[in-house]
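Heads up: the sequence shown at position 136 corresponds to 545 in the numbering used here, and the numbers run straight through without jumps. For every residue, glycine included, the Cβ atom is placed at its ideal position computed from N, Cα and C. These notes are about the structure you will find just below.
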Amino acid sequence: MSSGGFTLHGVDVTLGDRPTLLGVDLHVEPGERLAFVGPSGAGKTTLLRLLNGMVEPDGGTVTVDGVVVTDASPSDLRSLRSRVGFIHQDLRLVPNLRVSQNVLSGSLGRRSFLEAVRMLLKPRGDDLEAVHGILERVGIAEKMFERTDRLSGGQAQRVAVARALFQRPHLLIADEPVASVDPARAAAT
410 MSSGGFTLHG VDVTLGDRPT LLGVDLHVEP GERLAFVGPS GAGKTTLLRL LNGMVEPDGG
470 TVTVDGVVVT DASPSDLRSL RSRVGFIHQD LRLVPNLRVS QNVLSGSLGR RSFLEAVRML
530 LKPRGDDLEA VHGILERVGI AEKMFERTDR LSGGQAQRVA VARALFQRPH LLIADEPVAS
590 VDPARAAAT
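Structure follows, in structure tokens:
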């Protein structure tokens, strides 16, 4: 196996008393795009969460970006998650923070605690320029200093996409990343 990408081998996951994934084998190369389509409750989100180490398999092996997730230490998992962007279906934005602060939080996994606090309270000019550029790309640059709880659902979803892009991930996982965005904007993003 080459480094990078995602590999699942014989993965089983049971949530509660319900088998959710059984014997899943999957290999995704870096740069490859893949979509999972199926009905609600089919295990799509569980599979995506496996790829970021957020869910542990009951059996099998999960390897992400060259790291065997099932054997990784908490420190290794933190490092891995800083390299794997995840756009959550429920967005996971902090509602009382400004859009810029939510986007800046995309790089917190690569910073020390003090650097993270400084960046959120008094961001550097080059960080704000990068945030503005990404917000332009997703079509909401004018919302940069608005509180996130004042945005529409589609605007909030674009903030979550911008946060993942600001992270500059090696790999990107998206769980319904454009469900609330209008179709023309979704195609452009």
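- In terms of Cα proximity to residue 434, the closest of 582, 545, 417 and 469 is 417.
- For the pair residue 520 and residue 551, the Cα-to-Cα distance works out to about 27 Å.
- Secondary structure at residue 496: strand, using DSSP grouped into helix, strand and coil.
- The alpha-carbon separation between residue 461 and residue 566 amounts to approximately 20 Å.
- Between residue 463 and residue 415, the CB-CB gap reaches or exceeds 9 Å.
- Annotation note: the segment 546–587 contains the following uninterrupted beta strand (DSSP E) runs of length 3 or greater, listed N- to C-terminal: 580–583.
- Approximately 13 Å separates the beta-carbon atoms of residue 557 and residue 570; this is outside 8 Å, ruling out the contact.
- In this structure, the beta-carbon distance from residue 430 to residue 422 falls below 9 Å.
- About 6 Å separates the beta carbons of residue 536 and residue 513, which is inside the 8 Å limit, making them a contact pair.
- Spanning the alpha carbons of residue 553 and residue 504 requires a straight line of approximately 14 Å.
- No Cβ-Cβ contact shorter than 9 Å links residue 459 with residue 445.
- Taken atom to atom, the span from the alpha-carbon of residue 491 to that of residue 481 is near 14 Å.
- Assigned with DSSP and collapsed to three states, residue 443 falls in coil, not helix or strand.
- Closest by C-alpha distance to residue 424, out of 508, 467 and 511, is 467.
- By the 16-neighbour rule on beta-carbons within 10 angstroms, residue 443 is exposed.
- Taking residue 576 as reference, the option from 485, 428 and 539 with the minimal CA-CA separation is 539.
- In the displayed model, residue 457 falls within a helix according to three-state DSSP.
- Here residue 585 really is in contact with residue 498; their C-beta atoms are around 5 Å apart, less than 8 Å.
- For residue 526 and residue 455, the gap between their C-alpha atoms comes out near 32 Å.
- Note that the C-beta distance between residue 581 and residue 573 is below 9 Å.
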